[in-house]
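In this note's numbering, the protein residues as written are 29 to 578.
In this text, a Cβ means the ideal position worked out from N, Cα and C, and glycines have one as well.
None of these values were measured; they are calculated from a predicted model.
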Ligand code: ADP
Ligand code: MG
């Protein structure tokens with residue numbers, strides 16, 4: 029009979045449950061788990077900071093539709109990875125964190141890096157548990173991964189003490205639970221389907237809001253059929269972008285404020301009325317707007333704003349039901365209404381308002397001018413990662429997404445520093461697609477050392493830094509003897525040189541006239557690239573009607 033150790037059992041159980049990637053940082057006591065993962069056929073990506081590793085694992089989980097793993101050492105390793113657990117929970121993305129821990133025989137003795145890990149992980153997880161014996165590892169892995177994946181996706185944590193990692197059991201004595209099936213997809217009651225369609229039929233100014241829940245549900249084909257059958261105007265949330273292509277004729281993303289404010293009926297699908305959606309409340313939404321809401325989580329129904337028709341269940345399954353029910357109806361939203369005219373007019377006015385900035389060749393350049401040349405060259409199949417304040421907000425409006433699950437950004441939690449972890453996830457999960465990161469200088473700084481990770485694994489990610497020398501806005505040079513403002517960073521810092529340090533290629537651009545040619549060269553380079561683009565310290569967004577979190 030052959031013996032097997034806890035590390036191997038852990039890797040085998042993860043692999044059996046669909047884990048293809050493990051992002052982490054090794055050290056005591058988890059090195060054997062990383063080694064076992066490689067032996068068992070899980071791709072191990074060694075990162076430079078546990079935050080980035082946990083961000084990478086959750087982005088990979090979102091992209092693949094199964095939880096992926098993050099591996100960290102005890103104590104501070106787990107503490108650093110908490111950021112990722114919190115971000116995963118907020119985004120409703122699945123992941124599993126595996127933390128090493130001191131040997132159970134030393135519990136309570138001030139052991140090396142001893143910490144109450146299950147306790148501190150719990151508030152940020154759907155499931156957190158300490159594995160107390162080697163033979164139960166497959167049981168806990170199945171439980172953790174199933175909990176992360178089923179229902180509203182989220183984070184799971186498993187604590188692995190040193191003696192469990194190195195402990196041995198007879199291989200033949202181990203029972204592996206079955207591989208977890210795809211999440212069950214539940215349907216809405218037929219009467220609610222009919223009620224939702226009745227409300228839509230009665231609308232004069234309807235609007236569909238598509239969120240990242242629909243991207244997670246892989247509902248793109250069904251949503252497209254629904255939108256094209258009903259001819260309803262739609263708006264995407266930041267990461268709901270691409271479920272319907274941004275360039276679709278029914279997209280009203282360019283008239284977002286008006287669409288939200290004036291709609292008399294809103295069909296919210298796979299999105300929440302949280303801060304990103306202005307809580308669904310006046311002044312950003314109408315007072316009497318009728319709400320239809322599709323969500324897989326019952327607690328989300330009527331959250332912040334009362335829902336008239338609830339479609340509780342899976343996004344793909346329910347939009348499929350709607351499409352079936354529409355076969356028995358003649359109705360579709362007619363073309364040529366005042367509503368469509370108002371939305372197109374507003375979209376055109378918004379485009380005209382930014383046009384002078386898009387074509388402004390002043391040096392140093394503004395964001396819209398920088399995005400003009402980026403967008404012109406954006407490969408159609410690119411994974412797009414956007415992060416920063418103005419950089420992300422303006423990028424969201426300027427960079428189109430034509431396919432689902434191709435955009436990753438600061439998300440529901442508004443986390444800065446996720447970008448390079450997400451980029452490494454995108455480039456490892458989709459090596460066939462170009463990964464383009466457009467970040468502010470502040471956002472880049474949180475995890476810039478992951479460029480070494482990208483170089484080490486030969487991930488040809490293209491990082492474009494829109495460098496305004498500040499957190500949010502840039503800052504003027506202070507007078508002599510006066511400290512710099514709190515949000516000031518070094519303007520014109522040569523982040524591009526970091527690429528060269530790791531064998532990539534760096535580019536520095538301060539004249540808009542040069543940007544296009546530099547981007548061509550950067551995108552053509554077969555390796556990791558940083559393009560450092562100097563943006564005017566006082567550049568900003570076009571004037572907004574409302575404050576962003578109002
Ligand atoms: P966004 O940031 O795009 O607005 P949110 O993360 O706020 O999206 O909301 C996504 C919503 O999608 C969550 O309320 C979540 O419960 C829901 N959701 C997750 N999975 C599914 C699914 N399979 N079907 C329908 N809704 C889902
Ligand atoms: Mg900045």
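Exposure of residue i, with buried meaning 16 or more beta-carbon neighbours within 10 Å
i, result
"residue 156", "buried"
"residue 176", "buried"
"residue 277", "exposed"
"residue 239", "buried"
"residue 147", "exposed"
"residue 389", "exposed"
"residue 509", "exposed"
"residue 58", "buried"
"residue 41", "buried"
"residue 513", "exposed"
"residue 347", "buried"
"residue 356", "exposed"
"residue 531", "exposed"
"residue 306", "buried"
"residue 522", "exposed"
"residue 95", "buried"
"residue 245", "buried"
"residue 432", "buried"
Beta bridge counterpart(s) of residue i as assigned by DSSP
i, result
"residue 127", "100 and 187"
"residue 279", "262"
"residue 122", "Paired residues: none, contrary to the question."
"residue 83", "None; residue 83 has no bridge partner."
"residue 490", "464 and 557"
"residue 536", "560"
"residue 338", "321"
"residue 296", "237 and 321"
"residue 198", "31"
"residue 156", "185"
"residue 50", "72 and 97"
"residue 272", "In the DSSP output, where bridge partners are listed per residue, residue 272 has none listed."
"residue 415", "467"
"residue 498", "516"
"residue 436", "413"
"residue 393", "563"
Beta-carbon proximity list for residue i, same chain, < 7 Å, skipping 5 on both sides
i, result
"residue 163", "197, 201 and 202"
"residue 398", "494, 543, 561 and 563"
"residue 515", "498, 499, 500, 501 and 503"
"residue 275", "428 and 430"
"residue 444", "415, 438, 470, 471 and 474"
"residue 242", "251, 268, 271, 297, 298 and 343"
"residue 361", "234, 258, 259 and 260"
"residue 391", "538, 539 and 540"
"residue 359", "229"
"residue 420", "414, 437 and 438"
6 Å CB neighbourhood of residue i in its chain, flanking five on each side removed
i, result
"residue 385", "394 and 396"
"residue 573", "285"
"residue 118", "440 and 441"
"residue 120", "180 and 181"
"residue 64", "35, 36 and 39"
"residue 436", "87, 413 and 450"
"residue 273", "430"
"residue 266", "424 and 437"
"residue 158", "146 and 187"
"residue 608", "Given a span of 29 to 578 for the chain in the structure shown, any question on residue 608 remains unanswerable."
"residue 29", "198 and 200"
"residue 528", "534"
Inter-residue CB distance, residue i and residue j (contact presumed, cutoff 8 Å)
i, j, result
"residue 301", "residue 331", "6 Å"
"residue 153", "residue 185", "5 Å"
"residue 378", "residue 283", "7 Å"
"residue 166", "residue 37", "7 Å"
"residue 190", "residue 130", "6 Å"
"residue 194", "residue 60", "7 Å"
"residue 141", "residue 100", "At roughly 11 Å, the Cβ-Cβ gap does not stay under 8 Å, so residue 141 and residue 100 are not in contact."
"residue 115", "residue 466", "With a Cβ gap of about 19 Å, residue 115 and residue 466 do not count as contacting."
"residue 569", "residue 464", "About 21 Å separates the two Cβ atoms, so there is no contact after all."
8 Å CB neighbourhood of residue i in its chain, flanking five on each side removed
i, result
"residue 452", "51, 73, 75, 80, 84, 478, 481, 482, 485, 487 and 489"
"residue 31", "196, 197, 198 and 199"
"residue 227", "293, 318, 320, 336 and 337"
"residue 334", "319"
"residue 221", "339, 346, 349, 350 and 353"
"residue 62", "50, 52, 54, 72, 74 and 99"
| query | Taking a cut-off of 5 Å, which residues have a beta-carbon closer than that to any heavy atom of the ligand MG, in chain order? | reply | Selection output, chain order preserved: 468, 469, 470, 496 and 498.
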